[in-house]
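Line by line, the protein sequences are chains D and U.
When the first sequence is numbered by my numbering, its final residue is 814 and no position is left out of the sequence of numbers.
When the second sequence is numbered by my numbering, its final residue is 814 and no position is left out of the sequence of numbers.
Positions of the beta carbon are idealized from the N, C-alpha and C atoms, including for glycine.
Notes for the one structure printed next.
2 protein chains.
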Amino acid sequence: MAERKTTWKSVRDRVRDDILAGRFKPGDRLPRDADLAETLNCARSTVQRAMQDLVDSGLIERRRKGGTHVRREPIARATLDIRVTRLEIEQSGREYGYQLISLEEAAPPASVLAKLGITAPRPLLRADALHLADGRPYILEERWICTQTTPEISQVDLTWISANEWLIKNKPYSRYELRLYAQKANASTARQMEIKRGDALFVIERATFEDERPITLVKSFTQPGYQLVATT
Amino acid sequence: MAERKTTWKSVRDRVRDDILAGRFKPGDRLPRDADLAETLNCARSTVQRAMQDLVDSGLIERRRKGGTHVRREPIARATLDIRVTRLEIEQSGREYGYQLISLEEAAPPASVLAKLGITAPRPLLRADALHLADGRPYILEERWICTQTTPEISQVDLTWISANEWLIKNKPYSRYELRLYAQKANASTARQMEIKRGDALFVIERATFEDERPITLVKSFTQPGYQLVATT
DNA sequence: ATTGCTATTATGTCGCTACATAATAAGTCA
DNA sequence: TGACTTATTATGTAGCGACATAATAGCAAT
Numbered sequence: 583m584a585e586r587k588t589t590w591k592s593v594r595d596r597v598r599d600d601i602l603a604g605r606f607k608p609g610d611r612l613p614r615d616a617d618l619a620e621t622l623n624c625a626r627s628t629v630q631r632a633m634q635d636l637v638d639s640g641l642i643e644r645r646r647k648g649g650t651h652v653r654r655e656p657i658a659r660a661t662l663d664i665r666v667t668r669l670e671i672e673q674s675g676r677e678y679g680y681q682l683i684s685l686e687e688a689a690p691p692a693s694v695l696a697k698l699g700i701t702a703p704r705p706l707l708r709a710d711a712l713h714l715a716d717g718r719p720y721i722l723e724e725r726w727i728c729t730q731t732t733p734e735i736s737q738v739d740l741t742w743i744s745a746n747e748w749l750i751k752n753k754p755y756s757r758y759e760l761r762l763y764a765q766k767a768n769a770s771t772a773r774q775m776e777i778k779r780g781d782a783l784f785v786i787e788r789a790t791f792e793d794e795r796p797i798t799l800v801k802s803f804t805q806p807g808y809q810l811v812a813t814t
Numbered sequence: 583m584a585e586r587k588t589t590w591k592s593v594r595d596r597v598r599d600d601i602l603a604g605r606f607k608p609g610d611r612l613p614r615d616a617d618l619a620e621t622l623n624c625a626r627s628t629v630q631r632a633m634q635d636l637v638d639s640g641l642i643e644r645r646r647k648g649g650t651h652v653r654r655e656p657i658a659r660a661t662l663d664i665r666v667t668r669l670e671i672e673q674s675g676r677e678y679g680y681q682l683i684s685l686e687e688a689a690p691p692a693s694v695l696a697k698l699g700i701t702a703p704r705p706l707l708r709a710d711a712l713h714l715a716d717g718r719p720y721i722l723e724e725r726w727i728c729t730q731t732t733p734e735i736s737q738v739d740l741t742w743i744s745a746n747e748w749l750i751k752n753k754p755y756s757r758y759e760l761r762l763y764a765q766k767a768n769a770s771t772a773r774q775m776e777i778k779r780g781d782a783l784f785v786i787e788r789a790t791f792e793d794e795r796p797i798t799l800v801k802s803f804t805q806p807g808y809q810l811v812a813t814t
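Quick look at the structure:
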């Protein structure tokens, strides 16, 4: 009899329901953890865990002494999983192919330096490559690699190994920044991806850092129709 | 003396560093929580919290009895915060404007029904609107609203209130699906957004549900140059 | 050999206590 | 009155113990 147990998730769901049902409105103050624990007949640590989860999901705000409040400005928070391109293709049942297009040391444009947080202009290694699914262009990547922080890359034969896979295995990062946007395909991109010039491309741009030191910046131009899906 | 304390975050960082530095390779098994707790001189619950965080960030996998392993296929996980358009504009210091373009009951295309999980074809309420920043088109939204699950919407004057804001305040959702992609502007979109036909638009498509019952599907066509930024 | 029960192992969850920390309010002394 | 100290309040973090649960291994009966 009685209910089986009070898990922190059930507490979270209950509080969330209260908020979503409007029993607590944006800006309202929620009961203290201790009180809630008593009414729900559980320990405060259980409530605390539930509340922390709601903070992470962006529904509430908590301040010491100030208490817990429903966020005034709700935000929708979603999680994106970005897989390695090879796996993304293989796991969808298609055959993966990789092709190095060019590899050279070059002076990056200011925008690239800015995104990597580099102040003094310096040449970087640029590697362009194509990921193929069943032999057809799937993602074109334009990559800038910091030779200063990753000198080992110069000894790797990127003709066969994707820089991405090498870096993932050999150069861990502690932080990264993602930028998502749309761009028209220019002449050379269109040619390499076998699409029409002017087609709308979804671009995933990722800059990785290790301890604030830049490692690499990669722009992935995806085939028209590509979608990134996220769920709550 | 001795070190001050062992926080679960310090444990997490330590384990993460071990993995990133290659002391544990993909697929390797990590020590049991209990052992780790002993060597680090802390409680198992502290280790457990640290490990759970690493699971959430996609670095490791845990299975009861099976133990903790470094994920073989690393995934990059990022969190996106999607704010209400009005706030996004206001917080960037620009003036927000809203304009209803059209409002009518219509038969949605199959793709819309599919994304909302509706099997039997039925008319939905369609509301198109424009969000303006400093008087210029910023986001064009094309929205389908389930009148069956949200009949109250028909009594709201959407000429002045954005359907988005009304729904957020009055119709909570428990789950949503996000789709991000790029699309060429067609003639009418281009006209409404005051851009050129064929321009590459970044599209944010969101379907919200309450308890698996569909509420609304909205496609937000963003002004060229729009970027979505996520950080770890 | 196959099925079924039991033991083992490692993680998952929860309660309780204790102390830390941040924010604020109240009080105190010059 | 103003600056400093102290108390209060509510959340944050950690420890420890206990039991739950899932996955596996081992053993036993047929």
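Apply the 10 Å Cβ neighbour rule to residue i and answer buried if 16 or more other Cβ atoms are within range, or exposed otherwise.
i: Asn623 of chain U; result: exposed
i: Ile664 of chain U; result: buried
i: Ala688 of chain U; result: exposed
i: Asn752 of chain U; result: exposed
i: Asn746 of chain D; result: buried
i: Arg725 of chain U; result: buried
i: Thr621 of chain D; result: exposed
i: Gln730 of chain U; result: exposed
i: Ile683 of chain D; result: exposed
i: Ala614 of chain D; result: In the sequence under discussion, the amino acid at residue 614 of chain D is Arg, which differs from the Ala named in the question. The residue is exposed, with fewer than 16 neighbouring Cβ atoms inside 10 Å.
i: Lys801 of chain D; result: buried
i: Glu794 of chain D; result: exposed
i: Met583 of chain D; result: The predicted model places Met583 of chain D with a pLDDT of 31, which falls under 50 and marks its position as unreliable; any figure quoted below should be read in that light. Met583 of chain D comes out exposed.
i: Thr589 of chain U; result: exposed
i: Asp710 of chain U; result: buried
i: Pro690 of chain D; result: buried
i: Val785 of chain U; result: buried
i: Gln737 of chain D; result: exposed
i: Leu741 of chain D; result: Position check: residue 741 of chain D holds Thr in this sequence, whereas Leu was assumed. By the neighbour-count rule (16 or more Cβ atoms within 10 Å), Thr741 of chain D is not buried but exposed.
i: Ala812 of chain U; result: buried
Taking 8 Å as the CB-CB cut-off, is residue i touching chain D?
i: Gly780 of chain U; result: yes
i: Leu618 of chain U; result: no
i: Glu585 of chain U; result: Because Glu585 of chain U carries a pLDDT of 40, less than 50, the predicted location of this residue cannot be relied on, and the following value inherits that uncertainty. No, its Cβ sits nowhere closer than 8 Å to a Cβ of chain D.
i: Phe606 of chain U; result: no
i: Thr813 of chain U; result: yes
i: Tyr720 of chain U; result: no
i: Arg594 of chain U; result: no
i: Val666 of chain U; result: yes
Between residue i and residue j, what straight-line distance do the alpha-carbon atoms span, to the nearest angstrom?
i: Arg626 of chain D; j: Ile700 of chain D; result: 47 Å
i: Arg659 of chain U; j: Ala660 of chain D; result: 10 Å
i: Ile797 of chain U; j: Ile743 of chain U; result: 18 Å
i: Asp635 of chain U; j: Gln809 of chain D; result: 28 Å
i: Tyr758 of chain D; j: Asp781 of chain D; result: 28 Å
i: Phe791 of chain U; j: Tyr763 of chain U; result: 21 Å
i: Pro719 of chain D; j: Leu685 of chain D; result: 19 Å
i: Ser674 of chain U; j: Ala632 of chain D; result: 32 Å
i: Arg644 of chain D; j: Met775 of chain D; result: 49 Å
i: Gly872 of chain D; j: Arg676 of chain D; result: The displayed coordinates of chain D run from 583 to 814. Any statement about residue 872 of chain D would go beyond what the structure contains.
i: Val593 of chain D; j: Gln630 of chain D; result: 10 Å
i: Arg586 of chain D; j: Asp739 of chain D; result: Confidence is the limiting factor: at Arg586 of chain D the pLDDT is only 47, short of 50, which leaves the residue's position unreliable, though a coordinate-based value still follows. If you take the alpha carbons of Arg586 of chain D and Asp739 of chain D, they lie about 60 Å apart.
i: Ala702 of chain D; j: Asp600 of chain D; result: 53 Å
i: Arg611 of chain U; j: Tyr678 of chain U; result: 53 Å
i: Cys728 of chain D; j: Phe803 of chain D; result: 21 Å
i: Val597 of chain U; j: Thr814 of chain U; result: 17 Å
i: Gln681 of chain D; j: Ile721 of chain D; result: 11 Å
i: Ile642 of chain D; j: Thr628 of chain U; result: 25 Å
i: Val694 of chain D; j: Leu618 of chain D; result: 50 Å
i: Ser667 of chain D; j: Val652 of chain U; result: Inspection of the sequence shows that residue 667 of chain D is occupied by Thr rather than by Ser. Distance between the alpha carbons of Thr667 of chain D and Val652 of chain U: 20 Å.
i: Leu712 of chain D; j: Pro733 of chain D; result: 23 Å
i: Lys778 of chain U; j: Thr771 of chain U; result: 9 Å
i: Tyr755 of chain U; j: Leu602 of chain D; result: 7 Å
So with Cβ pairs under 8 Å, would you call residue i a contact of chain U?
i: Pro691 of chain D; result: no
i: Leu749 of chain D; result: no
i: Pro754 of chain D; result: yes
Exercise. Any residues in the stretch 792 to 810 of chain U with a beta carbon nearer than 9 Å to a beta carbon of chain D? Which ones, in chain order?
Worked result: Under the 9 Å Cβ criterion, the stretch 792 to 810 of chain U contributes Glu792, Thr804, Pro806, Gly807, Tyr808, Gln809, Leu810.
Exercise. Counting only runs that start and end within the stretch 665 to 697 of chain U, where is the beta strand (DSSP E) found for 3 or more residues in a row?
Worked result: If we require 3 residues or more, the beta strand (DSSP E) runs fully inside the stretch 665 to 697 of chain U come out as 678 to 688.
For this session: Anything in the stretch 763 to 778 of chain U with a Cβ closer than 7 Å to a Cβ of chain D? List those residues in chain order, please.
Result: Tyr763, Ala764, Gln765, Lys766
Exercise. Taking the runs of the alpha helix (DSSP H) that are 4 residues or longer, which of them lie wholly in the stretch 597 to 625 of chain U?
Worked result: 615 to 622
For this session: Would you mind listing the alpha helix (DSSP H) stretches within the stretch 706 to 748 of chain D that are 4+ residues and don't spill past its ends, in chain order?
Result: none
Exercise. What residues in the stretch 668 to 684 of chain U have a beta carbon less than 7 Å from any beta carbon of chain D?
Worked result: Leu669
For this session: Scan the stretch 646 to 662 of chain U for residues whose Cβ lies nearer than 7 Å to a Cβ of chain D and list them as they occur along the chain.
Result: Glu655, Pro656, Ile657, Ala658, Arg659, Ala660, Thr661, Leu662
Exercise. Which of the residues in the stretch 723 to 746 of chain D, read from start to end, lie with their CB under 8 Å from any CB of chain U?
Worked result: Against chain U - using a Cβ distance shorter than 8 Å - the stretch 723 to 746 of chain D contributes no residues.
For this session: With 8 Å as the C-beta to C-beta threshold (strictly closer), list the residues of the stretch 612 to 646 of chain U near chain D in chain order.
Result: Gly640
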